[in-house]
Every structure is written in C-alpha cells, then in structure tokens.
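Read left to right, the sequence shown gives residues 535 to 734 (my numbering).
C-beta atoms are modelled at their ideal positions from N, C-alpha and C, and glycine is treated no differently.
Because the structure is a prediction, the values reported are computed rather than measured.
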Amino acid sequence: MHALIRSLFRSLFHLGAIGLLVLGVLDSSFFFLPFGNDILLVVLVARSHEKFLLYLVTAAAGSTIGVLLLDLVIRKGGAEGLKRLMSEKRVNYLEKKMKQRAALALVIACLAPPPFPFTAVIAGASAFQFPRVRLLALVFGARTIRFSIIGLAAIRFGPRVLRIANSPQFVWFVAGFSTVCLIGSTVSIIHWIRLSRGQS
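In structure tokens:
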C-alpha cells in the first residue's frame with residue numbers, strides 16, 4: 535500500500551500542472567482530499583518558481599471544474615435532494631445562510647482550510663439555485679487568492695519545503711494521509727450514488 539501511494543503521489547508530481555488540474559477536480563467534487571492540492575502545489579512551486587502562474591491557474595481551474603461537476607448533480611435535486619446527504623437541521627442552516635449572504639459564504643468556503651465544510655456550502659448554493667456562472671466565478675476568484683498565498687509561501691520557504699518533501703517522514707505522512715482520503719472518498723462516493731438513485 536505504501537509503495538502504491540508513493541507511486542501515485544510521484545505520478546501526480548511528474549504530471550505537474552496536469553496533476554494539479556486532476557487533483558483539483560477530484561478534491562472539489564466527489565472525493566475527500568483535504569490539503570491534497572495544497573501539498574502538491576507547494577512542492578511543485580518550491581521546485582519550479584518560474585511555473586508559479588501556470589500552477590496557480592491550473593489549480594484554480596481544477597477546483598472550479600470540480601465544483602461544476604458537483605453543481606450539475608446537486609442543482610437538479612434541489613433542497614430535497616440535499617436532505618438525502620445531510621440532516622434537515624443542517625440543510626435549514628445552509629438555506630438561511632444562502633439567503634442572507636450566499637456570496638460571502640462561498641468566498642469563505644473557498645479560502646478557509648479544512649475542516650471548514652467546503653462541499654456542504656457549495657452543495658447548499660447549488661441546491662438553492664445560486665446562479666451557476668456567478669458561483670463558478672466566485673470559486674475561481676477565491677481559489678486563485680488562496681493558491682496565490684500558498685504558492686508565494688512555497689517560494690519564500692522553498693528550500694525548507696523541498697527538504698521536508700524528500701524526507702522519509704513526509705513520505706509516510708503522505709501515505710497515511712492518502713489512506714484516510716481513500717476511505718473518505720469511498721464514503722463520499724457512496725453518498726453521491728445514493729443521491730443519484732434517489733433522483734432517478
């Protein structure tokens with residue numbers, strides 16, 4: 535398992551911008567990958583400062599595409615479909631927040647690190663019919679700001695980041711982290727399958 539996870543992380547790293555795009559789509563849609571994109575972005579930018587803008591745009595674009603996929607599933611089911619994924623109390627809370635300050639809630643969700651409920655806020659906006667174009671624009675803009683901060687930090691602390699990334703402890707951390715993500719993603723996918731069956 536350890537060798538498999540290590541190989542997967544290396545593959546994403548060698549894919550560079552494409553790896554960030556793929557990981558961004560997965561992280562912001564149906565998979566559970568907290569910090570996955572952040573870690574990959576930090577390592578890539580620390581190693582190749584000159585590609586910072588490319589990595590920034592592809593990471594933000596991947597996240598936006600992932601949100602679009604999530605939106606396509608959730609918007610169709612509306613609030614009733616959302617209740618199949620979370621408690622009615624949480625749905626009511628999201629509805630209240632979306633009616634009050636939907637744009638602000640979306641921006642905060644895109645900027646805040648885990649365990650902030652990013653997916654729940656996006657799902658709430660889609661279920662309560664927040665305009666799709668505006669939703670995607672806010673996600674892309676806010677994610678660009680977040681990844682800019684992370685990327686600039688990677689440039690500033692580049693050598694230290696690379697020393698950490700090449701250490702055995704980091705490899706074990708990635709392996710353990712990826713295992714948790716695999717379990718979380720399995721649970722998440724089961725939820726989405728149940729939702730799609732309920733809608734059909």
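From the options, residue whose alpha carbon lies closest to that of residue i
| i | options | result |
| --- | --- | --- |
| R690 | A676, G570, L546 and H583 | H583 |
| L672 | I642, V576, V559 and S563 | I642 |
| R624 | G600, A580, L602 and P651 | P651 |
| L602 | A661, F681, I679 and A687 | A661 |
| A610 | A657, G558 and A676 | Reading off the sequence, residue 610 comes out as Lys, not Ala. With distances taken between Cα atoms, K610 lies closest to A657. |
| G596 | G615, S621 and G558 | G558 |
| P748 | A676, I608 and A551 | The requested residue 748 is not part of the displayed model; the chain covers only 535 to 734. |
Contact belief for residue i with residue j at Cβ below 8 Å, rounded distance in angstroms
| i | j | result |
| --- | --- | --- |
| E629 | A613 | 7 Å |
| S545 | L604 | So it is not a contact: roughly 25 Å between Cβ atoms. |
| A659 | L645 | Going by Cβ atoms, the distance from A659 to L645 rounds to 15 Å, so no, they are not a contact pair. |
| I600 | L575 | Inspection of the sequence shows that residue 600 is occupied by Gly rather than by Ile. Incorrect: roughly 15 Å between the Cβ atoms, too far for contact. |
| T598 | F674 | 5 Å |
Sequence-distant residues of its chain with Cβ nearer than 8 Å to residue i (five each side left out)
| i | result |
| --- | --- |
| L549 | V556 |
| L547 | The residue you asked about is not Leu; residue 547 is Phe in the sequence shown. These residues qualify, in order along the chain: G553, L574, V577 and L578. |
Contact set for residue i: own chain, Cβ-Cβ below 7 Å, skip 5 residues either direction
| i | result |
| --- | --- |
| L590 | T678, F681, S682 and G685 |
Nonlocal neighbours in the same chain, by C-beta distance under 6 Å from residue i, ignoring five residues either side
| i | result |
| --- | --- |
| F586 | V579 and G685 |
| K822 | Because residue 822 is not part of the residues shown, which for the chain are 535 to 734, the question remains open. |
Distance, residue j Cα to residue i Cα
| i | j | result |
| --- | --- | --- |
| L588 | L606 | 27 Å |
| G553 | D572 | 12 Å |
| A593 | F564 | 17 Å |
| K617 | V577 | 39 Å |
| G570 | N626 | 30 Å |
message = Contact between the segment 626-644 and the segment 667-684 is defined here as three or more beta-carbon pairs at a separation below 8 Å; is this criterion met?
response = yes
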